[in-house]
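Chemist:
Chains as they are written, first to last, in the working numbering: chain A, 7 to 171; chain B, 289 to 1054.
#1: Determine the contact status of residue 649/B and residue 569/B, defining contact as a CB-CB distance below 9 Å.
#2: Would you identify the three-state DSSP class for residue 452/B, choosing helix, strand or coil?
#3: With 16 as the cutoff for other CB atoms within 10 Å, does residue 720/B come out buried or exposed?
#4: Mapping the DSSP letters down to three states, classify residue 793/B as helix, strand or coil.
#5: Please look up how many angstroms separate the CB atoms of residue 717/B and residue 1011/B, rounded, as I've assumed it's under 8 Å.
#6: If we define contact as Cβ-Cβ less than 9 Å, is residue 303/B a contact residue for chain A?
#7: Pull up the CB-CB distance for residue 533/B and residue 320/B, whole angstroms please, since I reckon it's below 8 Å.
#8: What first and last residue would you give for the alpha helix (DSSP H) that runs through residue 666/B?
#9: In whole angstroms, give me the CA-to-CA distance for residue 575/B and residue 1028/B.
#10: When you compare the stretch 597 to 611 of chain B with the stretch 628 to 642 of chain B, are there three or more beta-carbon pairs, one atom per stretch, that lie closer than 8 Å?
#11: According to the neighbour-count rule (16 or more other Cβ atoms, all chains shown, within 10 Å of its Cβ), is residue 522/B buried or exposed?
#12: Please determine, among 144/A, 48/A, 70/A and 114/A, the residue with the shortest C-alpha to C-alpha distance to residue 156/A.
#13: Beta carbons nearer than 7 Å to chain A: which residues of the stretch 976 to 988 of chain B have them?
#14: I'd like the list of long-range same chain contacts for residue 484/B, defined as Cβ closer than 6 Å, with 5 residues on each side in sequence excluded.
#15: Given that residue 17/A touches chain E, what residues does it touch there, using C-beta distances under 9 Å?
#16: Judging by CA-CA distance, which residue of 895/B, 912/B, 671/B and 911/B is the nearest neighbour of residue 617/B?
#17: Ordered along the chain, which non-local residues of its own chain (more than five positions away) have a Cβ less than 7 Å from that of residue 1026/B?
#18: For the stretch 119 to 134 of chain A against the stretch 152 to 168 of chain A, do three or more pairs of beta-carbon atoms, one drawn from each stretch, fall closer than 8 Å, so that the two count as touching?
#19: Which runs of the alpha helix (DSSP H) at least 4 residues long sit entirely within the stretch 298 to 354 of chain B? Give them in chain order.
#20: Taking the beta carbon of residue 94/A as the centre, do at least 16 other beta carbons fall within 10 Å, making it buried, or is it exposed?
#21: Rounded to whole angstroms, what is the Cα-Cα separation between residue 855/B and residue 844/B?
#22: Against chain B, which members of the stretch 53 to 82 of chain A pass a CB distance test of less than 8 Å?
#23: Measure the Cβ-Cβ separation of residue 585/B and residue 565/B and say whether it is below 9 Å.
#24: Taking all protein chains shown into account, do 16 or more other C-beta atoms lie within 10 angstroms of the C-beta of residue 152/A, making it buried, or fewer, making it exposed?
#25: For residue 865/B and residue 87/A, what's the separation of their Cα atoms in angstroms?
#26: Give me the subset of the stretch 741 to 764 of chain B whose CB atoms are less than 9 Å from a CB atom of chain A, sorted by chain position.
#27: Of the residues that make up the stretch 529 to 541 of chain B, which ones have a beta carbon closer than 9 Å to any beta carbon in chain A?
#28: Taking the runs of the beta strand (DSSP E) that are 3 residues or longer, which of them lie wholly in the stretch 723 to 782 of chain B?
#29: Which residue comes first and which comes last in the alpha helix (DSSP H) that contains residue 570/B?
#30: Can you find the residues in the same chain that come closer than 8 Å, C-beta to C-beta, to residue 133/A, ignoring five residues on each side of it along the sequence?
#31: Under 7 Å Cβ to Cβ from residue 1003/B, same chain only, skipping five residues before and after it: list those, please.
#32: Counting only the same chain and skipping the five closest in sequence on each side, list residues whose C-beta sits under 7 Å from that of residue 479/B.
#33: Does residue 42/A get closer than 9 Å to chain B when you measure Cβ to Cβ?
#34: Just to confirm the assignment, what range does the alpha helix (DSSP H) spanning residue 160/A have?
#35: Determine the burial state of residue 635/B: buried for a count of at least 16 other Cβ atoms within 10 Å of its Cβ, exposed for fewer.
#36: Residues in the same chain with beta-carbon distance under 7 Å from residue 525/B, minus the five sequence neighbours each way, listed in chain order, please.
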């Protein structure tokens, strides 16, 4: 690591600009967790299999364990810490709690980002579309039933809110 | 009895730790950073059975940035193990599985620590590898532990060479019972081992201040972890504090004592805080917590009318290289192999066998899902032998309230028959299905564990409360539910209570998130502690209201005189009064219910598993479709009916069943560890060891049969987290066997195995 070039870059995480110096080979996950200091993004496998490290890059879900930090320069990075509006939970965060879709909570950040991206590209997903959309995020606790219910309920409420607006 | 309707929405219960978990503000162990903190890495054996000829750590120690390198020479020479004291923190002379730790390094960062690990020189002399469970029991097998006879251990364990724990349960006369049968059915089944796979990999952080150490760790059992540190580093309990930040799942895999002592020893040697974070591969190969592979031979005698006359079972469990908490698994597996049936003549013999595999240990309902899979597959074969419908056969032979079980325990009110009715009705059992689909049915059972547990409750001057409990939350919500118990006891809203938990230095003992015991035992403790405060509040209110304490009712945040609702005072106000005098502090433990009696049976190697307090029952009915071209089995629908007593937190209880069922589907179809010829795992990665995804998961109907259980926990609750993991794989197997015409005799029933069986059948037909 000591021999690899260090790059001075800027990362924009949840709307805040962070200047960081990172080695070329550093993954985005480790820079978010260490230099940026946001630990909501989790490492579950370092192998792109579990989705616990998922973040959004310009709204697209990405496994940050397998994405170089230097590649994320100039992109809008969203982590779980960026989902709530101040103290007000997002609709999806609230519904995930209310439906009982959180147990140990370790997959929850990645799951929330995956579902947020899903709902942004499709505000009326079928159950099958939700299940396929979340299939990159492993949860060992819930059996997914209540997570799927929370996402579907959120879609209904987003559409209702849009009609009222 | 009530059967809850799954279509009726359960009352909403938002967990107290929920906001932390959905905002990312909740800290898990790997999220913690301390000033000056170093990174730990372990040197693993890689060899599965070898004598260490050379172990040279000098080059690693000399590397810049390396603060400590430890081997067994640097820690007390203590052999440990809850049932057999057969291992040390680091291997000294012999390594016995690939994930055994030889040395530990603390360095400035993880990369430096890994380079130092790579610089450690180990030379081995190969020893013969014990890679086969049954072979290990043969008289000429090499020994995994040549010095086994000298090991300390639990007295009642029956040990002999590679057999670390033999247990038997015997009742009646099996030979006579077989002779009285019209049919005797024999079956052989083999279950591969598998893993807990919590999504959070293990992490430990240790920091010394003077002669005291604080250890933050991802354990399910903080007091057990403390006991392990104290035993191996020879420290008194008072100098070791275990704190568990949020725990990212465990499923049994994080039970026991794991690496806390290694990291504490590194931190002491380095004079710096040290953090260990496991990779996913380490999660697979290193911990002594893997679901044990088991080999089974079943023999059941049955009358033409369907009555079971006798059952004989022989089974051998893969203990792996060391005896972790698996010491009692032989007796537990023996009970599961006999099953929740009326069997007048029974003999189950179980061996826990040393091999050069990773050690086995508690994974969600240890021994039960694979043994239920084997027994219930066998049960369908027995029913088929006499031409009886398998559900009718179970209804006829399963235990019921007042019946005597296979170990001679007579049950109080139990709900297994109702579980069968509810699950099969919900699944539409009996309906005509396409010939590539079938509904399989299985029943399961699981004990409630009655053990000591403690809690404090206090109400502060502002009327807000705290529950200070030794209990551990692993995600199930069991600790979260404690608020409801205290609140109901005191007539206060649950939201007025904060939970202080997972810290051995502030709370009394609890066994931890293991054995589905939290609500059963710590619930009892919290109710007792809250009850003391309730008495204080009634006395205070009686003084204020000039009434008798016996007439004071605590409800809706008020203490009122019974029959005179206008004569009342708020609990907040009483708390304020108490803050100026005798403080509102309660402590509770309660007396755990004792073990039930067994009559007419005898047990060898008896570790208390032959009689179950408040046993839980279940029936799963699963609809499966098999693709005959590929062998892929897909679960289309699951109906799960459970008698786990009173359900206190319905949404949490549903979540336990749904999660356990999906884990059971994984165990049934995709999750199995395979070994190379040296006993190394060949699929120690999530790419090769496949968990079920959201897209794989079927709809799951959950039914709770709530009956009045004797000796249950608070309000009639039994345990719950493990029971729903028991019967799913078995029900899937019976569906697959119906579609294929014969059972798949190896677990998991992978596409390859199903396909091979389909090819074999076609070969036989052609």
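The C-beta atom is built at its ideal place from N, Cα and C for all residues, glycine as well.
None of these values were measured; they are calculated from a predicted model.
Modeler: On the basis of the coordinates in this document:
#1: Against a cut-off of 9 Å, the Cβ pair of residue 569/B and residue 649/B comes out as no contact.
#2: Residue 452/B: strand per DSSP, three-state reduction.
#3: Under a 10 Å Cβ-count criterion, residue 720/B is classified as exposed, with fewer than 16 other Cβ atoms of the shown protein chains found around its own Cβ.
#4: Reduced to three states, the DSSP call for residue 793/B is coil.
#5: In fact, because the Cβ distance is near 21 Å, the residues do not count as touching under 8 Å.
#6: Closer than 9 Å to the CB of residue 303/B there is at least one CB belonging to chain A.
#7: Their Cβ separation, rounded to whole angstroms, is 7 Å, which keeps residue 533/B and residue 320/B in contact under 8 Å.
#8: 656 to 673 is the extent of the alpha helix (DSSP H) around residue 666/B.
#9: In a straight line, the C-alpha of residue 575/B is about 37 Å away from that of residue 1028/B.
#10: Remark: three or more beta-carbon pairs, one from each stretch, lie closer than 8 Å, so the stretch 597 to 611 of chain B and the stretch 628 to 642 of chain B are flagged as touching.
#11: Counting the other CB atoms within 10 Å of its CB gives residue 522/B a total below 16, which places it among the exposed residues.
#12: Residue 156/A has its Cα closest to that of 114/A, out of 144/A, 48/A, 70/A and 114/A.
#13: When CB distances to chain A are screened at a threshold of 7 Å, the residues of the stretch 976 to 988 of chain B falling below it are 979, 981, 982, 983, 985 and 988, in chain order.
#14: Counting only Cβ-Cβ distances below 6 Å, and skipping sequence neighbours, we find 539, 540, 541 and 651.
#15: Note that chain E does not occur in the displayed structure, where the protein chains are A and B.
#16: Closest by alpha carbon: 895/B.
#17: Excluding residues up to 5 positions away in sequence, 726 and 728 lie with their Cβ nearer than 7 Å to the Cβ of residue 1026/B in the same chain.
#18: Output reads yes: the stretch 152 to 168 of chain A touches the stretch 119 to 134 of chain A.
#19: Whole alpha helix (DSSP H) segments, 4+ residues: 306 to 311 and 346 to 350.
#20: With fewer than 16 Cβ atoms within 10 Å of its Cβ, residue 94/A is classed as exposed.
#21: Roughly 14 Å separates the two Cα atoms.
#22: Those would be 53, 55, 56 and 58, in chain order.
#23: Contact: no.
#24: Answer is buried; the Cβ neighbour count reaches 16.
#25: If I take the Cα positions, the gap works out to 42 Å.
#26: Answer set for the stretch 741 to 764 of chain B: 761, 762, 763 and 764.
#27: Going along the stretch 529 to 541 of chain B in chain order, one finds 534, 535, 536, 537, 538 and 539 with a Cβ nearer than 9 Å to chain A.
#28: If we require 3 residues or more, the beta strand (DSSP E) runs fully inside the stretch 723 to 782 of chain B come out as 725 to 736, 743 to 747 and 753 to 757.
#29: Where residue 570/B is concerned, the enclosing alpha helix (DSSP H) stretches over 568 to 573.
#30: Only 154 and 158 meet the Cβ criterion.
#31: Result list for residue 1003/B: 934 and 936, in chain order.
#32: Excluding its 5 nearest sequence neighbours in each direction, residue 479/B has C-beta neighbours in its own chain below 7 Å: 581, 582, 658, 661, 662 and 1035, listed in chain order.
#33: With its beta carbon at least 9 Å from every one in chain B, residue 42/A lies outside the interface.
#34: That run of the alpha helix (DSSP H) goes 151 to 170.
#35: Residue environment: residue 635/B is assigned as buried (16 or more neighbouring CB atoms within 10 Å of its CB, all protein chains considered).
#36: A distance below 7 Å between beta-carbons, with the five flanking residues on each side excluded, links residue 525/B to the following residues of its chain, in chain order: 514 and 518.
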